[in-house]
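Undergrad:
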Amino acid sequence: MIREDLKEGRMTESADGGPDRAAPAKDTADRDGAAGRDRAADPDRAADGDGAGDAGATGRSGRAVLVVTSLLGALVVPLLMALGGLASRLDTLGTLISLAIMLPTLVVGLVLTARWGSRAWPAICVFVLGVVAMIFGGSSMYELYMERFGDPVPAQVVEFDSSSSRSGEQYSCTVRETAGDRTTHELGGVHNCGSRHRWAEDVVLREDPLGVFKPRLEDGEAQPEASTTVTISACLLGGIGALILYSGLGRLRR
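Per this note's numbering, the sequence shown starts with residue 1, numbered consecutively.
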């Protein structure tokens with residue numbers, strides 16, 4: 001038997017000059033055996049394929065968590081700010097309760113924006129919008145709540161008074177319901193009592209169905225629509241939510 005060395009491997013010729021088919025098969029078996037020994041000697045290398053799949057799944061779940069937390073922050077912070085503004089119209093400790101809700105919420109919004117974002121301007125904008133919302137959001141949220149959910153009750157102004165102070169003109173209305181048990185309410189400027197009201201004037205009250213807030217006088221024809229002030233507050237709170245969402249989703253790009 002004559003053996004010849006080839007560049008691609010060893011090939012054996014038989015006595016009649018034909019190629020021996022057993023040689024390539026033997027070389028293939030040798031290569032497979034060597035690969036098996038390499039995998040046994042280096043288990044980390046053998047697990048690279050499975051590790052890559054696990055890393056991909058972990059990356060997808062991590063991105064989903066980032067999106068969910070960003071959406072929660074963008075929704076919860078404005079909602080709590082709105083709730084704090086509404087609480088300012090409570091009869092007892094309304095201002096303190098409002099501050100106890102809105103100040104920590106604003107701080108949380110600032111922390112989230114500063115921690116998630118890579119730039120300072122979103123956090124600065126959140127601070128400015130939050131302060132403005134704390135000043136003007138109370139009356140807007142109270143107005144929106146009473147206009148949307150308050151029960152209309154006919155009433156009459158039985159006493160009207162105005163006085164001047166450093167903060168401006170102050171108005172007081174004593175209003176008596178003309179139906180039912182004829183309950184009397186003492187209302188001020190925060191309840192929409194203003195210079196347009198007169199003694200013995202017929203008005204419409206909006207009463208809280210839960211009984212938590214004092215009634216509110218409906219807007220007159222000379223008053224701006226409720227949607228005007230509500231839209232301003234909605235823009236403020238929506239801007240806060242959008243900035244938090246922008247900062248949170250920015251983590252996906254890093």
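Note that CB positions come from ideal geometry on N, CA and C, so glycine has one too.
Please read all numbers here as calculations on a predicted model, not as lab measurements.
Kindly list the residues whose CB is nearer than 8 Å to the CB of A82, restricted to its own chain and excluding five residues on each side of it in sequence; keep chain order.
TA: G137, M141, S233, L237
Undergrad: Should R148 be labelled buried (16 or more other beta-carbon atoms within 10 Å of its own) or exposed?
TA: exposed
Undergrad: When the Cα of R253 is compared with those of P104, V108, W116, which residue comes out closest?
TA: Ranking P104, V108, W116 by Cα distance to R253 puts W116 first.
Undergrad: Measuring straight from C-alpha to C-alpha, what distance separates F127 and V230?
TA: 20 Å
Undergrad: Is A47 helix, strand or coil by DSSP?
TA: Its pLDDT being 45, under 50, A47 is placed unreliably by the model, and nothing is read from it.
Undergrad: When you compare only the Cα positions, how much space is there between G248 and T113?
TA: 7 Å
Undergrad: Cβ atoms of G130 and G150: under 9 Å apart, would you say?
TA: no
Undergrad: Roughly how many whole angstroms lie between the Cα atoms of G51 and R63?
TA: Legend: pLDDT at G51 = 46, less than 50; position of this residue unreliable, value from coordinates given subsequently. Distance between the alpha carbons of G51 and R63 is about 18 Å.
Undergrad: For E207, which residues from the same chain have a beta carbon less than 7 Å from its beta carbon, with the 5 sequence-adjacent residues on both sides left out?
TA: G150, D151, V153, P215
Undergrad: Thinking just about the alpha-carbon of each residue, which of A200, G250, L103 is nearest to the one in F160?
TA: F160 has its Cα closest to that of A200, out of A200, G250, L103.
Undergrad: Suppose you measure from the CA of L103 to the CA of E143; what does that come to, to the nearest Å?
TA: Answer to the nearest angstrom: the Cα atoms are 22 Å apart.
Undergrad: Applying the 10 Å Cβ sphere with the 16-neighbour rule, what's the burial state of T105?
TA: buried
Undergrad: Exposed or buried, which one is L217 when buried takes at least 16 other CB atoms within 10 Å?
TA: It is buried - the Cβ of L217 has at least 16 other Cβ atoms within 10 Å.
Undergrad: Round the Cβ separation of C173 and V157 to the nearest angstrom and send it over; I've been treating them as touching at under 8 Å.
TA: 6 Å
Undergrad: Does the ligand COA have even one heavy atom less than 8 Å from the beta-carbon of L205?
TA: Absent from the structure shown: the ligand COA. Ligands present: none.
Undergrad: Can you tell me the Cα-Cα spacing of R196 and V175, whole angstroms?
TA: 14 Å
Undergrad: Would G241 and A74 be called neighbours here (beta carbons separated by less than 9 Å)?
TA: yes
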